[in-house]
Amino acid sequence: MTAIKMQMTRRDEIGKNAIKKIREKNIIPAVIYSRGGETIHASVSLSEFQRVYKEAGASSLLGLDIAGEVMPAIIKDIQKHPVKEQILHVDFQKLNMDEKVKMSVPITLLNRDNIKLQPSILMQLLDQVEIECLPTNIPNGAEVNVEDMDFTTPIFVKDLDIANNDDITILTDLDNLVCTLSQPSVTEEETEDDIPEATEAAPDKIESEE
1 MTAIKMQMTR
11 RDEIGKNAIK
21 KIREKNIIPA
31 VIYSRGGETI
41 HASVSLSEFQ
51 RVYKEAGASS
61 LLGLDIAGEV
71 MPAIIKDIQK
81 HPVKEQILHV
91 DFQKLNMDEK
101 VKMSVPITLL
111 NRDNIKLQPS
121 ILMQLLDQVE
131 IECLPTNIPN
141 GAEVNVEDMD
151 FTTPIFVKDL
161 DIANNDDITI
171 LTDLDNLVCT
181 LSQPSVTEEE
191 TEDDIPEATE
201 AAPDKIESEE
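Sequential numbering from 1 applies to the sequence shown in UniProt numbering.
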């Protein structure tokens, strides 16, 4: 898998005030962690991160370019504002290309809007799967085609496309349910017999004045 490059800058200023200033310039503070190596404080422009994230997603192999030095890495965590959805901070993990990495990749249900058996309700029970592989074998995600699903045959982790890839070890239980297809519940309409007959209200008794 070819790494997707992301232009970044080494960040010397740390602390709340420094981070607040760079955020005001639409720059995202970041940290690059390395097992047994130095932790690098860095930053990336919001537009650059959005460009790469749109192409790569959260699980692809990235090439973080800092002053011409490109290091392989993956996104480990994206912190967002709970209300504004603004990206506040990104954590990256630097990789050794000769060492396997454990990570989670998203599950995509292909043709979920084109399921032949209708009417039906598709329920996805698992959104991601944990894997282990070399960085060069990191997939963009795990996929399965649900177009021909029926009510009696659910889809399991073992049915995902990456389950047939010898370069990838799936750590999630292969018998875990990914999705099911079920018939919609039918609500019987009330019949005329179920509706009580209306009765006339007795007229109020009017007493004559003496």
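From the three backbone atoms N, C-alpha and C, an ideal C-beta is built for every residue, glycine too. Predicted model only: the values in this text are computed from it and were never measured.
Relative to the alpha-carbon of residue i, which residue among the options has its alpha-carbon at the smallest distance?
{"i": "Asp-150", "options": "Val-186, Thr-180, Asp-65 and Ala-73", "result": "Thr-180"}
{"i": "Gln-50", "options": "Ser-182, Gly-141, Ser-104 and Ile-78", "result": "Ile-78"}
Give the DSSP-derived three-state secondary structure of residue i in the structure shown.
{"i": "Arg-10", "result": "strand"}
{"i": "Lys-102", "result": "strand"}
{"i": "Glu-188", "result": "Confidence at Glu-188 is low in this model, with a pLDDT of 46, below 50, so the placement of that residue should be treated as unreliable; the coordinate-derived value is given next. It is coil, neither helix nor strand."}
Do residue i and the ligand NAD come close, with the Cβ less than 7 angstroms from some heavy atom?
{"i": "Pro-72", "result": "The model depicted lacks the ligand NAD and carries no ligand whatsoever."}
Just curious, the beta strand (DSSP E) that residue i is in, first and last residue?
{"i": "Asn-17", "result": "No beta strand (DSSP E) contains Asn-17, which is instead part of the alpha helix (DSSP H) from 16-24."}
{"i": "Val-31", "result": "27-33"}
{"i": "Glu-147", "result": "Premise fails: Glu-147 is in no beta strand (DSSP E) and is neither H nor E."}
{"i": "Thr-180", "result": "177-182"}
{"i": "His-89", "result": "87-94"}
Is it true that the CB of residue j sits closer than 8 angstroms to the CB of residue i?
{"i": "Thr-169", "j": "Val-129", "result": "no"}
{"i": "Leu-177", "j": "Leu-110", "result": "no"}
{"i": "Val-105", "j": "Ile-131", "result": "yes"}
{"i": "Ile-32", "j": "Lys-102", "result": "no"}
{"i": "residue 211", "j": "Ala-42", "result": "Past the boundaries of the shown model lies residue 211; the chain is included only from 1 to 210, so the question cannot be answered."}
Should residue i be labelled buried (16 or more other beta-carbon atoms within 10 Å of its own) or exposed?
{"i": "Met-8", "result": "buried"}
{"i": "Arg-11", "result": "buried"}
{"i": "Ser-47", "result": "exposed"}
{"i": "Val-52", "result": "buried"}
{"i": "Ser-182", "result": "exposed"}
{"i": "Leu-61", "result": "buried"}
Name the two residues that bound the continuous alpha helix (DSSP H) containing residue i.
{"i": "Leu-46", "result": "46-56"}
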